[in-house]
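The structure under discussion appears below in the form of structure tokens.
Residue numbers (the numbering used here), protein chains in the order written: chain A, 309 to 637; chain B, 309 to 637.
In structure tokens form, the structure reads like this:
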């Protein structure tokens, strides 16, 4: 990896967010010249503390991917673009579908147009989502599973993903997409449930308050963020990924209730209550989901390395130490 | 059909275009109160002559589906919306992807939002396209075929289609989508090849000039516009269509070269030349395509009734009579 990234210019959209900032930490270690773009919209995942320790070794550019002018400038001269900025809330996408469309469709298309016109040699790795599969028809879900999004966010992310594949196929702007499942770890948004339900679980646990499990029987898989970062780097480094779509996944499948029990165990204490699923979420719920990630294992030799208990342990430890940077008491 | 549409309020976007105007003629016969929205953008399919004979029995509203304000007003009080306005040029979508996105994604989402807020009882029938399948993996192509669009237009139409299905499923805004194949007949744009290659064939044939066949071996199916109109009406009339996607198709499969021969025969004369496929089109070409339309045959008892030779004959006869309204000599 050092050989691939040392001295190379790398741009991350959403670079102050959860996965983007973890990627930045790793790429700084690898000797890349980093530029991080982030809009720092308070409701999204960006947080300046996420780059604590590497502030002096990255360029931070506060701008929004909807700002075509800044993107046009920033994309130039870059060897790699990790394209992670996105609107991720399913409920928000239903309440304000135009904002979701602007960020997840329009901006993706305009970023790719900028690459085509001003930097066609760039390689782009797009953060897609399992959400576009909708309610699984079979498990585990592989990349050949039909895409049947159940919310506006899923439709727009699907389009955003396809623009990347299209620009690879038609214009040779090398690109690929990783369909992420639930990703967890340090630097995720935990002040509320806007990024992941696990965020608010961790916060309430550390505040000594009971957290809420909605449903509980749903099966899920989880990727620890360091493993997700490794997948992004492997996808960037290899031409085998060009034009491809890869699922990420986890080392185990677990129900939400089992996850809650595990989290309490890892924390050596804590409480939760179970509730039936709220109506506004139920209509866009997807039931059980877990991924078949054998395609990326075959093509890029990726597999998850951090077991779930350790992932939860590291996560809880991080927020126990740094909680004052993630929520106000 | 009279029982369904007589006295009902019906809005058609793209109502001065090819399929929209044919639908308007039929709905006027059926006694519906018609409003036709069209932007009359010169490069698109709208033509005021398309409503010759029914001008006094329809309301024409010149506005663009991107104009959310006019759509908000016009949707109110309607029983049915035939949502046909679209950017249809594959090449244009690659040259100006943002315009395609605005029309085929953003406007669709905003029309559906307007329906949700101001007229949730409306039924919406969306004109989708076979283009979203991309290069077929098997033939004939049924609705379960993977969608793998090969151009920006295909991606955006796919998103537009999915918004309709989503709003049906989540908000009960009854909606469905028809995936059209090549539709032909009177009132299509023939001055150039912007709407369909058959348009410019017909024009050149009637001008006594040779037309160009690119490739020639590609297999295609064709729907005569009256059959397409019938499918839209059946889809509107039945709740069996809600949330569904249906392919349209044709009664025969034919190569482009055979089609050229048939057109010359129907016209009792004419010439064409064959050419290899131009590079800028080849990269977004889909090869052979023809549809399996058994789903709509089962659900709505639709099937094509006008055989291809008759479809071509009626088309040529129409433009022989009315060519001065479709191109300048």
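Think of the CB as a built atom: it goes at the ideal place given N, C-alpha and C, for glycine as much as any other residue.
Along the stretch 518-567 of chain A, the beta strand (DSSP E) occurs as fully enclosed runs of 3 or more residues at 519-522, 527-532, 553-555, 561-563, listed in sequence order. Within chain B, the residues whose beta carbon sits less than 8 Å from that of residue 467(A) are 413, 463, 464, 466, 467, listed in sequence order. Three or more beta-carbon pairs separated by less than 8 Å link the stretch 332-339 of chain A to the stretch 356-371 of chain A, which places the two stretches in contact. Close CB contacts of residue 367(A) within its chain, under the 6 Å cut and outside five residues either way in sequence, are with 343 (chain order).
Secondary structure note for residue 596(B): it is in no alpha helix (DSSP H), with a DSSP letter that is neither H nor E. With contacts defined by Cβ atoms closer than 8 Å, residue 430(A) and residue 423(A) form a contacting pair. Apart from sequence neighbours up to five positions away, no residue of its chain approaches residue 404(B) with a beta-carbon distance below 7 Å. By the Cβ neighbour-count rule, residue 437(B) is buried, with 16 or more other Cβ atoms within 10 Å of its own. A Cβ-Cβ separation of about 7 Å places residue 533(B) in contact with residue 326(B) under the 8 Å criterion.
Identification of residues in the stretch 441-454 of chain A having a C-beta nearer than 9 Å to some C-beta of chain B yields 452, 454, given in sequence order. Proximity of chain A to residue 409(B) at the Cβ level (cut-off 8 Å) is accounted for by 413, 414, 417, in chain order. When the alpha-carbon of residue 537(A) is set against those of 508(A), 488(A), 550(A), 442(A), the nearest one is in 488(A). As for any beta strand (DSSP E) of minimum length 3 sitting wholly inside the stretch 368-454 of chain B, the runs are 388-391, 431-437, ordered along the chain. For residue 346(A), the enclosing beta strand (DSSP E) has its first and last residue at 341-346.
Pairing residue 483(A) with residue 497(A) gives a Cβ-Cβ distance that is not under 8 Å.
At least one CB of chain B lies nearer than 8 Å to the CB of residue 406(A). Under the Cβ criterion of 8 Å, residue 457(B) is counted among the residues facing chain A. Here residue 585(A) is exposed, its C-beta having fewer than 16 other C-beta atoms within 10 Å. With contacts defined as CB atoms closer than 8 Å, residue 420(B) and residue 472(B) qualify as a contacting pair.
If you compare the alpha carbons of 457(A), 354(A), 348(A), 392(A) with that of residue 318(A), the shortest gap goes to 392(A). Considering only 384(A), 578(A), 588(A), the residue with the shortest C-alpha distance to residue 510(A) is 578(A). Against chain A, the beta carbon of residue 460(B) has neighbours under 8 Å at 417, 471, 474, listed in chain order. Residue 629(B) sits exposed, since fewer than 16 C-beta atoms from the chains shown fall within 10 Å of its C-beta. Under the DSSP assignment, residue 487(B) falls in the beta strand (DSSP E) whose first and last residues are 483-488.
Around the Cβ of residue 413(B), a 10 Å sphere holds 16 or more other Cβ atoms; the residue is buried. The criterion of a C-beta distance shorter than 8 Å is not satisfied by residue 418(B) and residue 518(B). Rounded to whole angstroms, the separation of the alpha carbons of residue 503(A) and residue 397(A) is 7 Å. Legend: CB atoms of the stretch 536-566 of chain A lying less than 8 Å from CB atoms of chain B are not found in any residue. In the DSSP assignment, residue 320(A) falls within the beta strand (DSSP E) that extends over 317-321.
Residue 314(B) is outside the set of residues whose beta carbon lies under 8 Å from a beta carbon in chain A. In the structure shown, the three-state DSSP call for residue 580(A) is strand. Residue pairing by DSSP places residue 366(B) opposite 342(B) in a beta bridge.
Sequence-distant Cβ neighbours of residue 539(B) in its own chain, meaning closer than 7 Å and more than five residues away, are 486, 556, 604, 610. Beta-bridge partners assigned by DSSP to residue 504(B): none are found.
Taking 8 Å as the upper bound for CB-CB distance, residue 455(B) and residue 441(B) are in contact here, some 6 Å apart.
For residue 421(A), a Cβ of chain B is located within less than 8 Å of the residue's own Cβ.
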